[in-house]
Amino acid sequence: SAREALGRPQEALALHERLARDYPGTEWAAEGMLPRARLLQSLGRSKEARPLLETVVQGTDGEPFAEAAFRLAQIARADGERSAAVSWYLTAASTGVATGWTPRALAGAVECLAGSGNRAFAEAVYRRLQAADGVDPDLLAKGRKAIQSIRDRAGHGR
Numbered sequence: 006s007a008r009e010a011l012g013r014p015q016e017a018l019a020l021h022e023r024l025a026r027d028y029p030g031t032e033w034a035a036e037g038m039l040p041r042a043r044l045l046q047s048l049g050r051s052k053e054a055r056p057l058l059e060t061v062v063q064g065t066d067g068e069p070f071a072e073a074a075f076r077l078a079q080i081a082r083a084d085g086e087r088s089a090a091v092s093w094y095l096t097a098a099s100t101g102v103a104t105g106w107t108p109r110a111l112a113g114a115v116e117c118l119a120g121s122g123n124r125a126f127a128e129a130v131y132r133r134l135q136a137a138d139g140v141d142p143d144l145l146a147k148g149r150k151a152i153q154s155i156r157d158r159a160g161h162g163r
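Written as structure tokens, this is what we have:
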């Protein structure tokens with residue numbers, strides 16, 4: 006929204022909440038769930054964002070689905086729920102269509118898997134990241150670093 010773009014997230018959130026309250030069940034209210042969840046998450050209110058994101062995942066596909074699943078992964082990861090985070094990251098990456106969220110989701114999954122010491126699965130997901138189109142080199146570097154951290158912890162070096 007314009008207020009969000011102008012750096013006024015509180016005002017943008019108030020408008021989204023009024024829209025949801027005044028027009029429940031409408032297309033506008035449904036389309037406003039993802040921006041509303043995005044705003045809540047940016048304001049550190051992830052617990053409030055989670056049910057909105059879950060609703061988006063249940064009712065959409067494509068880019069909105071991938072973004073909502075990615076954001077759910079971020080919330081789970083921040084809450085220390087690594088297994089749930091990996092599941093949501095892989096869900097975000099598995100939309101069946103190429104989205105901008107796919108490489109970020111795969112990299113997030115690699116980092117979570119590496120953090121839990123699951124080397125084989127982390128390496129498999131990393132290979133999928135390498136094969137994805139247009140992957141930012143920084144994401145590949147983060148993935149390599151995460152895999153290397155597993156190897157270092159295991160005492161295998163390179």
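The working numbering applies: residue 6 is where the sequence shown begins, and numbers increase by one.
For every residue, glycine included, the Cβ atom is placed at its ideal position computed from N, Cα and C.
The DSSP assignment places complete alpha helix (DSSP H) segments of no fewer than 4 residues inside the stretch 53-139 at 67-83, 87-98, 106-120 and 124-136, in order along the chain. DSSP places D143 in the uninterrupted alpha helix (DSSP H) bounded by P142 to A159. Between Y131 and I152, the gap from beta carbon to beta carbon is short of 8 Å.
For R43, the enclosing alpha helix (DSSP H) begins and ends at M38 to S47. Here A78 is not near A119, since their CB atoms are 8 Å or more apart.
P108 sits buried, since 16 or more C-beta atoms from the chains shown fall within 10 Å of its C-beta. Of all alpha-carbon atoms in P69, A54 and G122, the one lying nearest the alpha-carbon of G160 is that of G122. Between the C-alpha atoms of Y94 and A74 there is a straight-line separation of about 7 Å. Distance between E68 and L20, taken at the CA atoms: about 23 Å. Judged by beta-carbon spacing, R41 lies beyond the 8 Å limit of I80, meaning their Cβ atoms are not closer than that value. In this structure, the alpha-carbon of G64 lies about 18 Å from that of E53.
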